[in-house]
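Counting from 84, one number per residue, gives the positions in the sequence shown under my numbering.
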Amino acid sequence: MFYDKIWDIHEQFFCAAACYHNINVHIHDCIELIYVIKGHMRFTSSGKSYEIGENQVMAISSYIPHSVDSTITDRTFDSIIVMIPRRYILEYSEILNGNSFAEPYFDDPDGSILRVFRLLRDIGGADRPRGADAPFAFLDAFPGRRESAVNHTVLLLMSLVLSKCSLKPKPRSTIHVVGAIEYITSNFRDELTVAGIAKALIVNQQRLSSEFREVMGMSVGEYISRLRVNEAARILLNDEDATVEVAAMQSGFGSMRSFLRDFRREKGCTPTEFRSRDKASDQHENKKIDT
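This is the structure in structure tokens:
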């Protein structure tokens, strides 16, 4: 799991059509909505698995661990994704703060909510139609008005979402867990202990460990190990000159024994086998292209 903080740093609204989703478990402060227009999509929310299809909407509250995978569909997949920073929905702060969607998806049998998704895409989508004949082309000369139109349409969409989704209390542990993830992401190459992280966050060590496991479904140590293994795998794939020992050292492992053990547990093979498999896969793809 990782903190997808790019959305939170820029606090920018995002809307676009998407024919493919495949992202591992992550969290962010934005509200995330995906409307499935065609095909099927699997996703997880707080450790539970779901599968939705046409005219259904995934709805993920802020800081809820989730993953998305549309590769299961046996036909063309089509969807619209909307990322809503909370500054766009301040009117709903009182009911959203401390709460999350009780069910992370809902139905739209009559297509009324799809019309709002498409309206948002036409007004402020990253892939919105351009040119003089495009819908809302007149707003190109008035960026402030386009932003205002996005704001009003987002509020309309949120009112519809809240009419479909009830709310439930969110675990109060989230703020400590997010702080821990940010700290670990910035320092995982260095020596880390739960005690040191707790001290940096000014939180009780046992409380942090308990809350982290509750939210993330794994211990702090397991999360650090997974992050280091993924970094080592990245080094092995992107730097042909890097030895296995260098990859272990640069990713924060203190010993080769722990590195090899954790790498096999996460990837199902040794680092050398992992690198060899990737090279073999590349050669196979190149051969297919040549033929």
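Ideal placement from N, C-alpha and C gives every residue a C-beta, glycine not left out.
- Gln95 is positioned such that its CB atom lies no closer than 8 Å to that of Pro148.
- DSSP lists Phe184 as the bridge partner or partners of Leu250.
- When rounded, the separation of the alpha-carbon atoms in Val244 and Asp190 is 10 Å.
- In the three-state DSSP reduction, Lys121 falls in the strand class (E or B).
- Around Ile318, the same chain offers Ala325, Ala330, Gln333, Ser334 as residues with beta carbons nearer than 7 Å, after the five sequence neighbours per side are excluded.
- The alpha-carbon of Ser302 is positioned some 7 Å away from that of Phe295.
- Using a 10 angstroms sphere on the CB of Glu186, the tally of other CB atoms stays under 16, which defines it as exposed.
- Around the beta carbon of Cys352, a 10 Å sphere encloses fewer than 16 other beta carbons of the protein chains shown; the residue is thus reported as exposed.
- Counting along the chain, the unbroken beta strand (DSSP E) around Ile106 starts and ends at 105-110.
- Cβ-Cβ separation between Val165 and Phe126: approximately 15 Å, too far for a contact (criterion under 8 Å).
- Scanning Thr236, Ala281, Leu240 for the CA closest to the CA of Val261 turns up Ala281.
- Inside the region 271-318, DSSP marks whole alpha helix (DSSP H) runs of 4 or more residues at positions 277-284, 288-299, from first to last along the chain.
- Put simply, the region 284-299 does not touch the region 334-351. Fewer than three CB pairs are less than 8 Å apart.
- Under the 8 Å Cβ criterion, the region 237-251 counts as touching the region 170-188, having at least three qualifying pairs.
- Using a Cβ distance threshold of 8 Å, Leu202 and Tyr118 do not count as a contacting pair.
- Ile267 sits close to Leu275, with the two beta carbons spaced by under 8 Å.
- Per DSSP, the continuous beta strand (DSSP E) segment holding Ile167 begins and ends at 161-167.
- For the set Glu314, Asp87, Pro218, Ser242, the Cα lying nearest the Cα of Glu174 is the one of Ser242.
- By the CB criterion at 8 Å, Ser162 and Ala101 fall inside the cutoff.
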